[in-house]
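Residue 227, in the working numbering, is where the sequence shown stops; the numbers in between run on with no holes.
Every residue gets a Cβ at the ideal spot worked out from N, C-alpha and C, and that includes glycine.
Bear in mind the structure is a predicted one, so any value in this text is a computation, not a measurement.
Single-structure report; data block below.
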Amino acid sequence: MTLELWYEKGMTFEQYRMNMQVNQQELTRVYEQVVFSEEDQNTWNDAAERNWRGIVLTADWCGDAALCVPVLQRIAEASKIELRFLIRDENLELMDQYLTNGTSRSIPIFIFIDQDGNEKKVWGPRSSEVQEMVTALRAELPAADSPDFQEKQKNMYRQFKERITSDPSVWRTVIESVKAKVQE
Numbered sequence: 044m045t046l047e048l049w050y051e052k053g054m055t056f057e058q059y060r061m062n063m064q065v066n067q068q069e070l071t072r073v074y075e076q077v078v079f080s081e082e083d084q085n086t087w088n089d090a091a092e093r094n095w096r097g098i099v100l101t102a103d104w105c106g107d108a109a110l111c112v113p114v115l116q117r118i119a120e121a122s123k124i125e126l127r128f129l130i131r132d133e134n135l136e137l138m139d140q141y142l143t144n145g146t147s148r149s150i151p152i153f154i155f156i157d158q159d160g161n162e163k164k165v166w167g168p169r170s171s172e173v174q175e176m177v178t179a180l181r182a183e184l185p186a187a188d189s190p191d192f193q194e195k196q197k198n199m200y201r202q203f204k205e206r207i208t209s210d211p212s213v214w215r216t217v218i219e220s221v222k223a224k225v226q227e
């Protein structure tokens, strides 16, 4: 299937958000509170000239999506980029073309296409700063066979999700990462 057909298959942001069962509140909080600088807006204005669209592979249970989807939706709105959302596990044929490190179905993945449906840029699943945060948090966990591993891992992910969906400095890392990708 072509990227154009995948795009046509996708939901709008509002359809995606209204169907969310897990992180709707966190996603909405970020969406309503994220702000752009004048420099950001200049980048988005330049991007608007390209007439791109985007395909987003995501799932509402994903903490990274609760951060990245609303930030990139706001970027898309400022850049006049229409995004369409596909649920990862319902679209594995496409997901498997965008594996992280060639092995992982990490989400969200943002595939930007031109007016002819050609891939122009891909971003995701997270900024390098957020990846460093995850790596550091995982390093603090006990061994996987430890009796308290599951509980500590669950607490770690809960705290991680709370931070990334409430800390504007984390949102800024996503903004800067996307700007760098768009300006390549």
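Asked                                                                                                : Found
Assigned secondary structure, Leu184 (DSSP; H/G/I helix, E/B strand, else coil)                      : coil
Heavy atom of the ligand GDP within 7 Å of Thr45 beta-carbon                                         : Of ligands this structure carries none, so the ligand GDP is not represented either.
Assigned secondary structure, Ile6 (DSSP; H/G/I helix, E/B strand, else coil)                        : A query on residue 6 cannot be resolved here, the shown segment of the chain reaching from 44 to 227 and no further.
Per-residue burial, Glu69 [other beta carbons within 10 Å of its own, 16 or more giving buried]      : buried
Uninterrupted beta strand (DSSP E) stretches inside the region 100-169 (no shorter than 3 residues)  : 125-130, 152-156 and 162-166
Endpoints, the alpha helix (DSSP H) within which Trp49 is located                                    : Leu46 to Lys52
Assigned secondary structure, Arg96 (DSSP; H/G/I helix, E/B strand, else coil)                       : strand
contact_flag[the region 124-137, the region 63-82] where n(CB pairs < 8 Å) is 3 or more              : no
Residue interval of the alpha helix (DSSP H) (run including Met61)                                   : Phe56 to Asn62
Distance, Lys163 Cα to Thr208 Cα                                                                     : 28 Å
Touching by the beta-carbon criterion (3+ pairs, under 8 Å), the region 146-157 and the region 51-66 : no
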